[in-house]
């Protein structure tokens, strides 16, 4: 005789509870948290370098850096004299709320968290699963480099559908590519009509001011 | 392989329920609902479930996955439509963007099926 029990709970409820817990800490400390997501090589780390160079003397910033195996990215960012907490995710292809909680724990022990204005989380380079695992962020930022092609938002929709801001990176390469920037924007707006879209280049600096303005307006 | 992590979370949740039962029943099936507009691949989930339940209280239990389609509601046309994942998300009739998702984002543990006699499997 078989019986059934109705559970009816979210498969990711443990991660979601952890994300809500992290967000409560951020709120208590007056920190705005941004989750930066993209495929590998879209330019998350160099964007953070430019962002820290421009803003770290005006705002108190900490970085939580997800990297599968190395501290290479974290080392690059430490030159800007801000706390960079590296989380080696091992073979996991995304940061989850528990890993970020570990990062927050370190931040709150080694520094006074109330001093900080923003935490920038650099997720593991992956277009698929980081979108499914909230870490406690207030805003999601997706990066898409123009070399990836116009169709990526259609093929990997969830990250683009959930993003509050989309940065189209490496636009200095546009003259060398057959890429239609407007088509990228139109494809993203099919599923996320209100997203802020900022095309930029960390090499030439085009668009960076618009990014800094968006970012600091959220604090 | 985020399905591996998800399966771990699934087993943890089911285990909590199981340990709270006085009889520790023998579980025959776990039912999930997985939306098509998620990052989850049911085949990978099945694979991970089979591997991770070996020699545990869930050994031999099946994972039953019901997939739900992506359905959006167009407020302009006041009707539901099915966007074509990977190809087109706007309303088939008027071309408005997809704003209101009615189905397809589910990742839910629905129910557990179990026999009344206690579990005699190796308990880990």
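Residue numbers (the working numbering), protein chains in the order written: chain A, 1 to 219; chain B, 1 to 124. C-beta atoms are modelled at their ideal positions from N, C-alpha and C, and glycine is treated no differently.
Euclidean distance between Cα positions of residue i and residue j
| i | j | result |
| --- | --- | --- |
| residue 66(B) | residue 47(A) | 41 Å |
| residue 42(B) | residue 34(B) | 8 Å |
| residue 74(B) | residue 184(A) | 22 Å |
| residue 47(B) | residue 63(B) | 10 Å |
| residue 126(A) | residue 117(B) | 45 Å |
| residue 195(A) | residue 168(A) | 12 Å |
| residue 123(A) | residue 139(A) | 13 Å |
| residue 121(A) | residue 66(A) | 8 Å |
| residue 137(A) | residue 2(A) | 43 Å |
| residue 213(A) | residue 55(A) | 11 Å |
| residue 16(B) | residue 202(A) | 49 Å |
| residue 99(A) | residue 94(B) | 44 Å |
| residue 53(B) | residue 111(B) | 17 Å |
| residue 57(B) | residue 206(A) | 58 Å |
| residue 37(A) | residue 130(A) | 7 Å |
| residue 25(B) | residue 55(B) | 16 Å |
8 Å Cβ cutoff met for residue i and residue j
| i | j | result |
| --- | --- | --- |
| residue 158(A) | residue 49(B) | no |
| residue 188(A) | residue 197(A) | yes |
| residue 30(A) | residue 114(A) | yes |
| residue 141(A) | residue 19(A) | no |
| residue 70(B) | residue 11(A) | no |
| residue 6(A) | residue 59(A) | no |
Short CB-CB distance (under 8 Å) between residue i and chain B
| i | result |
| --- | --- |
| residue 184(A) | no |
| residue 155(A) | yes |
| residue 160(A) | no |
| residue 164(A) | no |
| residue 106(A) | no |
| residue 3(A) | yes |
| residue 177(A) | no |
| residue 37(A) | no |
| residue 193(A) | yes |
Min CB distance residue i to chain A below 8 Å
| i | result |
| --- | --- |
| residue 52(B) | no |
| residue 104(B) | no |
| residue 32(B) | yes |
| residue 35(B) | no |
| residue 71(B) | no |
| residue 82(B) | no |
| residue 5(B) | yes |
| residue 44(B) | no |
| residue 100(B) | no |
| residue 38(B) | yes |
| residue 116(B) | yes |
Would you call the segment 174-190 of chain A and the segment 141-152 of chain A touching, i.e. three or more CB-CB distances under 8 Å? yes
Listed in chain order, which residues of the segment 68-102 of chain A have Cβ atoms closer than 9 Å to some Cβ of chain B? 91, 92, 93, 94 and 96
contact_flag[the segment 99-107 of chain A, the segment 74-86 of chain A] where n(CB pairs < 8 Å) is 3 or more: yes
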